[in-house]
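Peer 1: This note's numbering puts the first residue of the sequence shown at 7, with every later residue one more than the last. Take this structure first; my questions come after.
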Amino acid sequence: MTLNTSHKLFIEIIRTIFPACIVLLVFVWMATTIWRASDFSYTLQPVVTVMGHNINAQDFVADTSNMAGVTAFFVGDVDVTAAGRHTTPLILHRGERSVQTEGVFYVAIPQPYITVELGSRLTNNRNLHDIDPTYIIINHYNIPLHLLDFNHLIFSSYSGYMPVGEHQLIFTHNDSFFYTTMHVVDTTPPTAVLRDVTLPLGHEVTLDDILVSVFDLSPIAVTEIVAQPDMFTPGAHNVAVRVADIFGNEAIYTTTATFLPNTVPPVFYGVRQYIHSALGEPILFRVGVYASDAFNRPIHFDIDTGLLNINELGVYQITFTATDAWGLYTSQTIYVHIHNVDPVVVYALADDLLAQLFNDGMTQVQQARVIHDWLTDHVTYAAAVGFDSVYEAAHQGLIHRRGNCFVFFGLAEVLLTRAGIPNMRVDRSPYSRNPANHRWNLINPDGLGWHHFDPTGNTIISRNDRFMFTNSQLEILNQRMAVYGAVDFYMFDATLLPEIVQ
């Protein structure tokens, strides 16, 4: 078939422009490729994961402005089963543009066994963003652990406070997981807050005095004062307190206890104001006597016997003196009466008489009445027979049954005292108009108050009137005696005696 002219012309044109079209298409393709790759700068960041935990390509895309809208894809599989530093090919896409590059990632190995201190902050919920990665990761490859995203690791075995002991932690991510045994230990000693105190001398320091508070995450086993300071030495003293928990962690804390000076002098016990002894008999002053300081601790005391002469009748002053560790002292003076008779013998005679006079169940008033009446009925007044010693007077009255008013008074005093009835001596005032001496007794039987008690008989006043009379009755008796010439018979100095019933 013969081609016409127009067909030939078309074929000729095609032959002429086809090579040029091919060249143009190649140029356009190359230009498009260059355009897509050009002006595509990017910023990548390394990725850290735990062995066996998959990673995402997008994790390599740094959070920067030039990476906005960039999507990352892996080229092939990523091996996360080998520890250390690795690279993986990446395709980055932004719109129609893309670039192939390489990402760096690290695979960390979890610790199979870790030790943490009790109270370390591990978690407040079920993820571990508060855990220090160095706790659970073995880092032999200079892995930048700060890049490890713990928000993707779920702490699935325990949430909250972990007591001392071993705990198995399970960390999961997607379908993978790993175990770590956490050993919680307590190596931290308790803390204590103490306060300074000022205390009286002799006060033992207690924990209540100085301890404000003590704290530990484990139970407290010991809270004690290490050693008591010298509480009898005034001034400031260090006081140490030891606190320990049940795991043996302990600490020593100190404070200051200041003891005030002592101002209380020593005290004597068992000292008798009067001692009566027979002529020539030795006297044991220390028997039954002791002295103590302000804290009831016994201390040494001295006795000044002065001019005591047990072989000579008379009254002697003896002084007891005790000085404590702080220089405070106490002195007490007593009187020693040396008699011709032995007071022990007088006591024995008096006790025998009282045993004859008393009946069971008698009141002190009844006993005093029996003593008063016996003296009136069985002892005869004899003005020339008198003694200055109560025991000699009592001995005279018991043996010879005669004597003056001092014998009556003295024997009454011994009998009343041996019966346990409170009594005192009354002397006629030296300022009375009556030139003669007279003595009688005061008694306070059954706690009824002090009453006059005069056992010396006379023809003017009956024995009933002379037994337990009051001050008002005494004035009447004074007036009666004055009628018979015995003025101021019962005049006495009331300031020397206790209050007497009116």
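Just so it is clear, CB atoms sit at the ideal spot from N, CA and C, and this is done for glycine as well.
(1) Who are the near neighbours of A500 in its chain, counting only those whose CB is closer than 7 Å to its CB and skipping five residues on each side?
(2) Write down the C-beta distance between W446 and F415 rounded to the nearest angstrom, noting that I regard them as a contact closer than 8 Å.
(3) Could you check where the alpha helix (DSSP H) with Q370 kicks off and where it finishes?
(4) Is the number of C-beta pairs between the segment 354-365 and the segment 454-466 that are closer than 8 Å three or more?
(5) Using only CA atoms, which one of T465, P225, Q338, D192 lies nearest to Y296?
(6) Nearest CA to the CA of S224: which residue from H282, I149, V489, V190?
(7) Taking Y490 as the reference, give the member of Q508, N477, I467 with the closest Cα.
(8) Beta strand (DSSP E) containing M474: first to last residue?
(9) Skipping 5 residues on each side, what residues in its chain have a beta carbon closer than 8 Å to that of M73?
(10) Compute the Euclidean distance between the alpha carbons of V352 and G367, then round it to the nearest angstrom.
(11) With H, G and I counted as helix, E and B as strand and the rest as coil, what does DSSP make of F414?
(12) Let's test the definition: count the other Cβ atoms within 10 Å of the Cβ of P304 and tell me whether it reaches 16, buried, or not, exposed.
(13) Let me make sure I understand the geometry here. Which of E172, H209, L483 has the alpha-carbon closest to that of A263?
(14) Check for me: the beta strand (DSSP E) holding H209 runs from which residue to which?
(15) Can you tell me which of the three DSSP states G125 falls into?
(16) Can you have a look at A361 and say buried or exposed, based on whether 16 or more other CB atoms are within 10 angstroms of its CB?
(17) Between E256 and P195, is the Cβ-Cβ spacing less than 8 Å?
(18) Excluding the 5 residues preceding and the 5 following T386 in the sequence, name in chain order all residues of the same chain whose CB lies nearer than 7 Å to its CB.
(19) Return the first residue and the last residue of the alpha helix (DSSP H) that I405 is part of.
(20) With respect to the alpha helix (DSSP H) encompassing V76, which residues constitute its N-terminal and C-terminal limits?
(21) Would you list the one or two residues that DSSP bridges to I309?
Peer 2: Once the coordinates are examined:
(1) If we look at A500 and ignore the five residues flanking it on each side, it has no Cβ neighbours.
(2) Between F415 and W446 the Cβ distance is about 6 Å, and since that is below 8 Å, they are a contact.
(3) For Q370, the uninterrupted alpha helix (DSSP H) run begins and ends at 370-384, by DSSP.
(4) Cβ pair count under 8 Å is below three, so no.
(5) Ranking T465, P225, Q338, D192 by Cα distance to Y296 puts Q338 first.
(6) Checked all of H282, I149, V489, V190; the closest Cα to S224 is V190.
(7) It is I467.
(8) Where M474 is concerned, the enclosing beta strand (DSSP E) starts and stops at 473-475.
(9) The answer, listed in chain order, is Y48, T49, V67.
(10) Straight across, the Cα-Cα distance linking V352 with G367 is about 25 Å.
(11) In this structure, F414 counts as helix in the three-state DSSP scheme.
(12) Looking at its Cβ environment, which holds fewer than 16 other Cβ atoms inside 10 Å, P304 is exposed.
(13) For A263, the nearest C-alpha among the options comes from H209.
(14) First-last for H209: undefined, no H or E at that position.
(15) G125: coil per DSSP, three-state reduction.
(16) A361 is exposed by the Cβ-count criterion.
(17) Yes, the Cβ-Cβ distance between E256 and P195 is below 8 Å.
(18) Beyond the five residues adjoining it in sequence on each side, T386 comes within less than 7 Å, by CB distance, of R407, R408 in the same chain, given in chain order.
(19) Boundaries of the alpha helix (DSSP H) around I405: 396-405.
(20) Premise fails: V76 is in no alpha helix (DSSP H) and is neither H nor E.
(21) As DSSP reads the structure, I309 sits in a beta bridge with F326.
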